[in-house]
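**Student:** So the protein lines, in turn, are chains A and B.
So in my numbering, spot 16 of the first sequence is number 28, and the numbers just go up one at a time.
So in my numbering, spot 136 of the second sequence is number 428, and the numbers just go up one at a time.
What follows is a single structure, and I will ask about it in a moment.
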Amino acid sequence: MSAQIVLKALAEPRRPAILRLVRGEARSVGEIARHFDISQQAVSQHLQVLREAGLVEVRREGTRRLYRVRPQGLAPLRAFLEELWDDRLDALKREAEREERSSREHDQQ
Amino acid sequence: MSTTSSDTTTAIEREIAIAARPETVWEFFVDPEKACRWMGTSAELDPQPGGIYRVEVIPGNVARGVFVELDPPRRLVYTWGWEAGAASAVPPGSTTIEIDLVPDGDGTTVRFTHRDLPTEDAAGKHAHGWGHYLERLVTAAGGGDPGADPWLSGGMS
């Protein structure tokens, strides 16, 4: 699962709100829909996106399908932060070394 | 390059060698113009204990915290988080960044630690962990197409 897919899944504000709702306990689509002003069908579509991103998992209980947060779904997000800092620290090194060179040249003049 | 863990939080740790004196490197953390050369499009920095750290990392995505400890040009500690976005739940400044600058000949070894990140395990068990991570990522996603996010392609400048 790439960080991009996870980020895209989280870009629509209702989807993180849905995740907060199902982080503590598993809930059905109907239960989730009651917390929003959108149709049950729209909630189902959001859940599908979250599922494809690995952020929720579903289990059957009788005729009901219950959704809850999938903790391993966070792994790409951690990778995202690691990548962010690796990139930025590389940029820091580049810029600080450029600054050092130009100040030394200045000192020699 | 390593990762440390406790039960509920982890840290990202990095060590890089920079061919510049600690005095030169230090300025890149506390001078707004220099800070933006390696991260961000604008920065508001008040480098004293309790002073604000606020960097617009990419347009609409603002990292904010406060300076905690400053010992120029040796050690810098500040808090870090994302300002409220559409799905805000957790305030900025909830994680901590520690920078140690160690002289090494004519250069500097930079030890970078980003701590207080929730573990996946803790995030699964505790509501706070989820809100914490989601806050960052929701804001990072910024409503745009994350595929074009310069953080992910690595070219912020």
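Heads up, the beta-carbon is just placed ideally off N, CA and C, and yes, glycines get one too.
1) Since B:W330 meets chain A, which of its residues come closer than 7 Å, beta carbon to beta carbon?
2) What did DSSP end up calling A:F48 once you bin it into helix, strand or coil?
3) Helix, strand or coil for A:E37? Go by DSSP, reduced to three states.
4) In this structure, what does DSSP give as the bridge partners for A:R106?
5) Rounding to the nearest angstrom, what Cα-Cα distance links A:R116 and B:M331 in this structure?
6) Going by the beta-carbon positions, is the gap between A:L62 and A:R27 smaller than 8 Å?
7) Can you tell me whether B:P241 is buried or exposed, with buried defined as 16 or more other CB within 10 angstroms of its CB?
8) Between which residues of its own chain and A:R71 is the CB-CB distance below 6 Å, once the five residues before and five after are set aside?
9) Comparing alpha-carbon positions, which option in A:R32, A:A103, A:D99, A:V81 lies nearest A:E64?
10) Of the residues that make up the stretch 348 to 368 of chain B, which ones have a beta carbon closer than 7 Å to any beta carbon in chain A?
11) Could you name the residues of chain A that B:I308 contacts, counting a contact when the two beta carbons are closer than 9 Å?
12) Going by the beta-carbon positions, is the gap between A:V18 and A:P83 smaller than 8 Å?
13) In chain order, which continuous runs of the alpha helix (DSSP H) of length 4 or greater are located wholly inside the stretch 320 to 376 of chain B?
14) Sort B:R346, B:G342, B:P341 by Cα distance to B:T333 and report the nearest one.
15) How would you call B:A379, buried or exposed, if buried means at least 16 neighbouring beta carbons within 10 angstroms?
**Tutor:** On the basis of the supplied data:
1) R100, A103, L104, E107
2) coil
3) coil
4) Beta-bridge pairing links A:R106 to no other residue.
5) 24 Å
6) In this structure, A:L62 places its C-beta atom within 8 Å of the C-beta atom of A:R27.
7) An answer regarding residue 241 of chain B cannot be provided, because it is not within the stretch 293 to 449 covered by chain B.
8) L78
9) A:V81
10) none
11) L101, D102, L104, K105
12) Between A:V18 and A:P83, the gap from beta carbon to beta carbon reaches 8 Å or more.
13) With a minimum length of 4 residues, the continuous alpha helix (DSSP H) runs that stay inside the stretch 320 to 376 of chain B are 324 to 330.
14) Checking every option, the nearest Cα to that of B:T333 belongs to B:R346.
15) With a pLDDT of only 30 at B:A379, under the threshold of 50, the placement of this residue in the model should not be trusted; the figure read from the coordinates follows. By the 10 Å Cβ count, B:A379 comes out buried.
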